[in-house]
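Inspection log for the structure reproduced underneath, given as structure tokens.
Residue numbers (my numbering): 17 to 178.
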């Protein structure tokens, strides 16, 4: 009986075919949104972070002014910083400027979206629907891929009191 060998080429082919599922993107006007993701949340958790990259391919600055989701009571735009070993977060009510020809990354430990008042826990492998609203480009529906809770997840703990 012949043994079957899994070739590296077959593995790369499978990986290439899976890439569109793993890395997903959206666009509206000159704005490109790359790989929105979030982390799985605990049953008792009422908030969750949202992360993505926003690229402005236009010649004029734009602004992410708001976000909404059917998965939470509200979605806020936040910043996080460390000040003398103390984590400080604040809501950015005016949104985030996306300079012309540049990208802005929303990531753990920095700028991020905060899903507040979760209607049910985020489960790994699912998608969380949301609508992002830009001042110039308008609105776009996106989905946040729910990934496993990572070891470097200080943000969710900082929002436990919301």
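For every residue, glycine included, the Cβ atom is placed at its ideal position computed from N, Cα and C.
Determine whether the beta carbon atoms of residue i and residue j lie at a separation below 8 Å.
i	j	result
residue 147	residue 155	yes
residue 55	residue 126	no
residue 96	residue 128	yes
Measure the beta-carbon distance from residue i to residue j and round it to whole angstroms, keeping in mind my assumption that it falls under 8 Å.
i	j	result
residue 131	residue 91	6 Å
residue 116	residue 74	6 Å
Using the C-alpha atoms, what's the distance from residue j back to residue i?
i	j	result
residue 98	residue 105	9 Å
residue 58	residue 133	13 Å
residue 109	residue 85	17 Å
residue 82	residue 93	7 Å
residue 157	residue 136	20 Å
residue 87	residue 100	34 Å
residue 107	residue 50	22 Å
Keeping to the same chain, check which residues put their C-beta closer than 7 Å to that of residue i; ignore five residues upstream and five downstream.
i	result
residue 160	52, 53, 54, 66, 143, 144 and 146
residue 46	72, 73, 74 and 153
Going by DSSP, what residues sit across from residue i in a beta bridge?
i	result
residue 107	94
residue 72	47
residue 157	147
residue 79	113
Ignore the nearest five residues each way along the sequence and tell me which others in residue i's own chain have a CB closer than 8 Å to its CB.
i	result
residue 111	79, 80, 81, 82, 93 and 151
residue 164	55, 56 and 140
Here's a check: name, in chain order, each residue in its chain whose Cβ is nearer than 6 Å to the Cβ of residue i, leaving out the five neighbours to either side.
i	result
residue 121	69
residue 123	67
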